[in-house]
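**Q** Would you mind keeping the following structure in view while I ask a few things?
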Amino acid sequence: MSKLITVFGATGNQGGSVVEAILADAQLSKEFKIRGITRDTTKKSSQELAKRGVEVVTADLSSPESLTEALKGSHTVFLVTNYWETMDADIEYAQGKNVTDAAKAVGVSHLIFSSLHHVKEETNGRLTKVPHFDSKANVEKYIRASGIGCSFVLPGYYMSNYIQMLNRSDDGSYTLYYPVSNNAKFPLFDAAKDTGLFTKVALKHAGELKNKQVLAASAYYTPQEIVNIFSRVTGKKASFVQVSAEQYKASLPPAVADEYLENQLFVEEPGYYLGEPLEPSLKLLDSKPTTWEDLGDIPSRRVGASGAATALRLAQHGADVAVNYVNSAAAAESVAEKIRSLGVRAITVKADVSKKPDIKALFEEVMEEFGRLDIVLSNSGIEHFGSVPTVTEAEIDKILRVDVKGQFLSPNKRTNIWPITVA
Ligand SMILES: NC(=O)c1ccc[n+]([C@@H]2O[C@H](COP(=O)([O-])OP(=O)(O)OC[C@H]3O[C@@H](n4cnc5c(N)ncnc54)[C@H](OP(=O)(O)O)[C@@H]3O)[C@@H](O)[C@H]2O)c1
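Counting from 31, one number per residue, gives the positions in the sequence shown under my numbering.
Dropping the structure here:
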């Protein structure tokens, strides 16, 4: 009879990847039945899991009763906690503790936890503001002390972080600002694709890796290597600029500024994985993990998520769609391709919504192509992250041009379409 593995975060990057990897693995898909945990079994990602044969069960990491029920019958548990949902280390620690206690109570044999190192302890108190690492390390300690059979997968630095971190200038070039020198080595990792690949190591080598850590990253890269590879892959200019701690913090929302700063400082010294080599984990993998060379164009694929999602939803309801962009031609084309795959028509149109001639040309092209226009989603908007004194006058003007003037220009007499405000 198959054993049961219960996967937390099954609707997210890490847990979703674990589910995919087990389903796709000839040996593990026979050995394990999968139970996926979510707080909402009605949402699309939960229903997709159910369609693939996953038993989708409701539980909340903050509700011990729901966890005891959800873990009944489980042989193995994959646990990921999401610090960023509450940004509260005490809650993350309590959630890890809740799962450990419930797992122990129902007799789970193997608990695999997505952990990280303890920054405060590893730096002897030099860096004290990286609670999303420290609380995971504290959960790891609690699990070890519980006596449950355990192993730990330590996810590397998400490659998807660079979607936000590589800043695009108006001239199309990119800059990576870090408060560290080029000696810092970032262990890069494609969480959505490869968490499962590394977790399979903990499943297939459970005896050998009991109480051990698997380092989940494909390679270490310096900031200069990160921009060089990005340039090679995309053909776009990119540079690395080392900035001071204060400059770095000023570019971030205050709520995360200290945490992000100290997180990067930890990567430089003593190192994200304290300088440990990746090879012992890499050599146990069934296949090669995604490298930055494979995924290094990810920042140039940045596209307005809400606009793209709305365009797709309109297409699902039968609308032909014109996808507007100003810099990201490739990203707009990839949205248009997805729309065409739904059996409707799509074009991409370059236009800066803050310029009247561009708007005029945009609507002309749409009318020429489709002959009619029924809905305009006037959704473009830009922002500046940082404290008020760091915003330049040019940036303020640009934000007003795009976010305010653009909204007045988009509707026009020719199409007789006027706005309904959606807040
Ligand atoms: N960015 C990086 O470089 C990096 C590196 C290493 C580690 N990490 C860590 O990765 C973690 C995030 O993992 P991820 O990328 O897989 O997150 P994600 O894609 O945002 O998914 C979060 C998952 O957690 C589940 N979840 C959240 N709160 C829950 C609760 N109270 N009860 C039950 N399930 C809950 C969600 O399920 P439902 O919403 O369906 O209930 C969802 O499936 C964070 O803790 C972060 O610190 C990030």
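The beta-carbon is built from N, C-alpha and C at its ideal position, and this holds for glycine as well.
Please read these numbers as outputs of a predicted model, since none were measured by experiment.
From the DSSP output, read off the bridge partner residues of K380.
**A** Y355
**Q** Taking the alpha carbon of I35 as the point to measure from, which residue in K63, L308 and D55 has its own alpha carbon closest?
**A** K63
**Q** As a quick exercise: from V183, N213 and S203, pick the residue whose alpha carbon is nearest that of L245.
**A** V183
**Q** Can we say the region 104–111 touches the region 43–50, given the rule of at least three CB pairs closer than 8 Å?
**A** yes
**Q** Classify T205 as helix, strand or coil using the three-state DSSP reduction.
**A** strand
**Q** What span of residues does the alpha helix (DSSP H) with S176 cover, start to end?
**A** Looking at the DSSP string, the run of the alpha helix (DSSP H) that includes S176 is P161 to S176.
**Q** So with Cβ pairs under 8 Å, would you call M397 a contact of chain D?
**A** The chain labelled as chain D is not found in the depicted structure, where only one protein chain is given.
**Q** Take every Cβ of the region 387–397, pair it with every Cβ of the region 359–376, and state whether three or more of those distances are shorter than 8 Å.
**A** no
**Q** Pairs of beta-carbons, one from the region 315–327 and one from the region 247–264, closer than 8 Å: are there three or more?
**A** Yes, the region 315–327 is in contact with the region 247–264.
**Q** At a cut-off of 7 Å, would you count G162 as near ligand 1, judging by its Cβ distance to the nearest heavy atom?
**A** First, the amino acid is wrong: residue 162 is His here, not Gly. Because some heavy atom of ligand 1 lies under 7 Å away, the Cβ of H162 counts as near it: yes.
**Q** In whole angstroms, give me the CA-to-CA distance for Q125 and N191.
**A** Roughly 25 Å separates the two Cα atoms.
**Q** Which two residues bound the contiguous beta strand (DSSP E) that contains F260?
**A** Counted as a single uninterrupted DSSP element, the stretch harbouring F260 is not any beta strand (DSSP E) but the alpha helix (DSSP H) occupying residues P253 to T264.
**Q** For V107, which three-state DSSP category applies?
**A** DSSP, reduced to helix, strand and coil, places V107 within a strand of the structure shown.
**Q** Measuring alpha carbon to alpha carbon, tell me which of K73, L430, V286 and V257 ends up nearest N197.
**A** Residue V257 is the option with its Cα nearest to N197.
**Q** Does any heavy atom of ligand 1 sit closer than 7 Å to the C-beta of Q243?
**A** no
**Q** Pull up the distance between the alpha-carbon of Y251 and that of K150, whole angstroms please.
**A** 24 Å
**Q** How would you label H140, buried or exposed, when you count the other beta carbons within 10 angstroms and need 16 or more for buried?
**A** buried
**Q** What is the rounded straight-line gap between the Cα of V169 and the Cα of A100?
**A** 20 Å
**Q** What number of angstroms, rounded off, separates the C-alpha of S104 from the C-alpha of T68?
**A** 16 Å
**Q** Can you list, in chain order, the residues of its chain with a C-beta nearer than 8 Å to that of H235? Leave out the 5 residues immediately preceding and following it.
**A** Around H235: L314.
**Q** For F228, verify whether its CB is less than 7 Å away from any heavy atom of ligand 1.
**A** no
**Q** What residues in its chain sit with their C-beta under 7 Å from that of D388, if we drop five residues either side in the sequence?
**A** A381 and D382
**Q** If K215 sits next to S176, beta carbons under 8 Å apart, how far is it from one beta carbon to the other, in whole angstroms?
**A** No, K215 and S176 are not in contact; Cβ-Cβ is about 33 Å, not under 8 Å.
**Q** Quick one: is the Cβ of T98 within less than 7 Å of any heavy atom of ligand 1?
**A** Outside the cutoff, so no.
**Q** Compare the C-alpha of N213 against each of P300, I377 and D90 and name the closest.
**A** If you compare the alpha carbons of P300, I377 and D90 with that of N213, the shortest gap goes to P300.
**Q** Leaving out the 5 sequence neighbours to the left and right, which residues in its chain are closer than 6 Å to V396 when beta-carbon positions are compared?
**A** Residues A352 and L403 of the same chain have their beta carbon placed closer than 6 Å to that of V396, with the five preceding and five following residues left out of the count.
**Q** When DSSP labels each residue in this structure, what does P284 get in the three-state scheme?
**A** In the displayed model, P284 falls within a helix according to three-state DSSP.
**Q** If you check the beta carbons only, do F219 and S248 fall under 8 Å apart?
**A** yes
**Q** If distances are taken between C-alpha atoms only, which option among N43, G373 and G179 comes closest to G348?
**A** G373
**Q** Going by the C-beta, is W114 closer than 7 Å to any heavy atom of ligand 1?
**A** Answer for W114: yes, Cβ within range of ligand 1.
**Q** Just to check, is the beta-carbon of Q125 closer than 7 Å to a non-hydrogen atom of ligand 1?
**A** yes
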